[in-house]
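K.L.:
In the working numbering, the protein residues as written are 1 to 346.
Rendered as structure tokens:
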């Protein structure tokens, strides 16, 4: 069941037409269940002769077993389709809200949202990132401590022992323990500065004029990873997301790829893009089930699902955390306990 749910989180939305098709299948299966239930009730209520034409009791029981088995198979398929419908409904709603935002921007004469593709709608993750970037939270300080305490704690204990905050407020990342040796986060630029239009492209230099060549992206994997971390600490979540994705794509075998993939999920979670963040966390658990960040990914996956109103699935992942990672860091266990309370897990 755990693998089935995890795989379902990685499926990209197929669009409104696929959603309608799945809903039709769900309705058909429900109709079949009602028909089979009627047959079972008829057999149990003494109407077996209508189905078995006077057959023996053994034949009637055999027929009932066949009907019950059919109902079990249909119910299993029904649950699977309902799960897919929920996923697609969330994706369609995200696209709809993005379209409304773009129309409003166009009417107001605002520049297109980041990540938009001219002449087309763009991919769902790009639309999600463009929508969320406008409201990116700024506070990276772990809950219950000041910035200096957070920095010293991370340096002493490593990034798996930072404090989690499950309050899920719109302005606090809260669950971002720092890397060993990293300084506390600096104050981020204001939201108004983030919305300024990009600078005009440079003009061609005059004849004979020497131009300075800007340095390119960091040359080594470590420099790339450190640069992405710096963007994250500064609250530049969209830029940090792009940097972590580039690092992962460019250095797929580097030792920091698992860690970078976790922070990639954090850049999305910080901007309340819980749908895409849940897919990243789920992929991480599937790809590195024994990795150092596996418990952290499970906790954040559960929190993302809680925000998506999918508390039942969140509780299942928290059970997996307890069973498969009994030696998880204390802060992870505390965060899991708070998440269970928030999701009302039994």
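Beta carbons are placed, not taken as given, at the ideal position from N, Cα and C, and that holds for glycine.
Output the distance between the C-alpha atoms of residue 239 and residue 29, rounded to the nearest integer angstrom.
P.N.:
46 Å
K.L.:
State the Cα-Cα distance for the pair residue 176 and residue 297, rounded to the nearest angstrom.
P.N.:
Interpretation of residue 176 is limited by its pLDDT of 41, a score under 50 that renders its predicted location unreliable; the figure taken from the coordinates is listed afterwards. If you take the alpha carbons of residue 176 and residue 297, they lie about 12 Å apart.
K.L.:
Could you name the residues of the same chain whose beta carbon sits closer than 7 Å to that of residue 198, not counting the 5 residues immediately before and after it, in chain order?
P.N.:
Summary for residue 198: the model assigns pLDDT 44, below 50, so the residue's position carries little reliability, and this model does not support an answer.
K.L.:
Can you tell me whether residue 308 is helix, strand or coil according to DSSP?
P.N.:
The DSSP-derived three-state label of residue 308 is coil.
K.L.:
With 16 other CB atoms within 10 Å as the buried threshold, where does residue 249 fall?
P.N.:
So residue 249 ends up on the exposed side.
K.L.:
With DSSP run on the structure shown, which of helix, strand or coil describes residue 326?
P.N.:
coil
K.L.:
Residues in its own chain within less than 8 Å of residue 267 by CB, not counting five upstream and five downstream?
P.N.:
232, 237, 238, 240, 241, 244
K.L.:
Could you give the C-beta distance for residue 256 and residue 225, rounded to a whole number, given that I count them as a contact under 8 Å?
P.N.:
5 Å
K.L.:
When burial is assigned at 16 or more other CB atoms within 10 Å of the CB, is residue 229 buried or exposed?
P.N.:
buried
K.L.:
Can you give me the Cβ contacts of residue 278 inside the same chain, cut-off strictly under 8 Å, excluding the 5 residues immediately before and after it?
P.N.:
9, 301, 304, 305, 308
K.L.:
Can the beta-carbon of residue 311 be found less than 8 Å from the beta-carbon of residue 321?
P.N.:
no
K.L.:
Which of the three DSSP states, helix, strand or coil, is assigned to residue 254?
P.N.:
Coil, per DSSP.
K.L.:
Here's the rule I'm using: 16 or more other beta-carbon atoms within 10 Å means buried, otherwise exposed. How should residue 96 be labelled?
P.N.:
Exposure of residue 96 is indicated by the presence of fewer than 16 other C-beta atoms within 10 angstroms of its C-beta.
K.L.:
Is the distance from the Cβ of residue 33 to the Cβ of residue 74 below 8 Å?
P.N.:
yes
K.L.:
Buried or exposed: which applies to residue 220, given that a residue is buried once 16 or more other Cβ atoms fall within 10 Å of its Cβ?
P.N.:
Answer is exposed; the Cβ neighbour count stays below 16.
K.L.:
What residue does the alpha helix (DSSP H) around residue 221 start on, and which one ends it?
P.N.:
For residue 221, the enclosing alpha helix (DSSP H) covers residues 221-233.
K.L.:
For residue 289, which three-state DSSP category applies?
P.N.:
coil
K.L.:
In whole angstroms, what is the alpha-carbon distance linking residue 260 and residue 313?
P.N.:
Rounded to the nearest angstrom, the two C-alpha atoms are 25 Å apart.
K.L.:
Considering only the beta carbon of each residue, do residue 332 and residue 299 sit closer than 8 Å?
P.N.:
The answer is yes: Cβ separation under 8 Å.
K.L.:
May I have the straight-line CA-CA distance separating residue 22 from residue 91, to the nearest angstrom?
P.N.:
Straight-line Cα distance between these residues: approximately 14 Å.
K.L.:
Less than 8 Å between the CB atoms is what I'm expecting for residue 325 and residue 293, so what's the real figure, rounded?
P.N.:
The Cβ separation is near 11 Å, so there is no contact.
K.L.:
With a CB to CB cut of under 7 Å and the five nearest residues on each side skipped, what residues in its chain are close to residue 318?
P.N.:
Cβ within range, chain order: 302, 336, 339, 340, 345.
K.L.:
May I have the straight-line CA-CA distance separating residue 99 from residue 93, to the nearest angstrom?
P.N.:
The straight-line gap from Cα to Cα measures roughly 10 Å.
K.L.:
In whole angstroms, what separates the C-alpha of residue 80 from that of residue 287?
P.N.:
23 Å
K.L.:
I'd like the list of long-range same chain contacts for residue 128, defined as Cβ closer than 7 Å, with 5 residues on each side in sequence excluded.
P.N.:
Reliability fails at residue 128, whose pLDDT of 47 lies under 50, so the model's placement of it is uncertain and the value that follows must be treated cautiously. The residues are 94, 273, 275, 276.
K.L.:
Could you check what DSSP says for residue 271 in three-state terms: helix, strand or coil?
P.N.:
coil
K.L.:
Can you tell me which of the three DSSP states residue 300 falls into?
P.N.:
helix
K.L.:
When you compare each of 271, 316, 328, 269 to residue 291 by their alpha carbons, which one comes out closest?
P.N.:
Comparing Cα positions, the closest option is 328.
K.L.:
Just verifying my parser: in three-state terms, what is the DSSP assignment at residue 236?
P.N.:
coil
K.L.:
In or out: residue 72 buried (at least 16 other Cβ within 10 Å) or exposed?
P.N.:
exposed
K.L.:
Secondary structure at residue 150, three-state DSSP: helix, strand or coil?
P.N.:
The predicted model places residue 150 with a pLDDT of 35, which falls under 50 and marks its position as unreliable; any figure quoted below should be read in that light. For residue 150, the three-state secondary structure derived from DSSP is helix.
K.L.:
Spatial neighbours of residue 77 within its chain, please: CB distance less than 7 Å, with the 5 preceding and 5 following residues excluded, ordered by chain position.
P.N.:
Same-chain partners within the cutoff: 29.
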